[in-house]
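Quick notes on the structure that follows.
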Amino acid sequence: IMPGKVNPTQCEALTMVCAQVVGNDVAISVGGMQGHYELNVFKPVIAANFLQSARLLGDACVSFDQNCASGIEPHHHNLKKNLENSL
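First residue of the sequence shown: 11, per this note's numbering; consecutive thereafter.
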């Protein structure tokens, strides 16, 4: 364990949620391709994956905001120094 190191757990958790949502999108696409003659027996798969994605994204955004984004503050001195030293 390194002193002063901050573990990016909220960022990693949000990335995992995004990976799951992408997987759900693929499942929804495959389910949509299976519809024949206006009858699609895959509608439960489509609905379940969509609802899971919506819940995951909503919960992840709230958690990220409460546990990460709300505590981020700019270091104006460092920003000014970096701006002055840039090309």
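Backbone N, C-alpha and C fix where the C-beta goes; we use that ideal spot for every residue, glycine too.
Distance between residue j and residue i (C-alpha atoms, nearest Å)
i	j	result
leucine 61	cysteine 28	14 Å
aspartate 35	glycine 42	10 Å
valine 44	alanine 64	Before going on, a small fix: residue 44 reads as glutamine here, not valine. Roughly 23 Å between the two C-alpha positions.
valine 40	aspartate 75	33 Å
leucine 66	isoleucine 38	16 Å
isoleucine 82	methionine 26	21 Å
Whole-angstrom C-beta distance between residue j and residue i, which should lie under 8 Å
i	j	result
glutamine 20	serine 73	7 Å
Classification of residue i by the beta-carbon crowding that lies within 10 angstroms, buried from 16 upward
i	result
alanine 57	exposed
asparagine 59	buried
First and last residue of the uninterrupted alpha helix (DSSP H) at residue i
i	result
glutamate 83	Taken as a continuous stretch (DSSP letters only), glutamate 83 belongs to no alpha helix (DSSP H), as it is neither H nor E.
cysteine 71	53-77
serine 39	19-43
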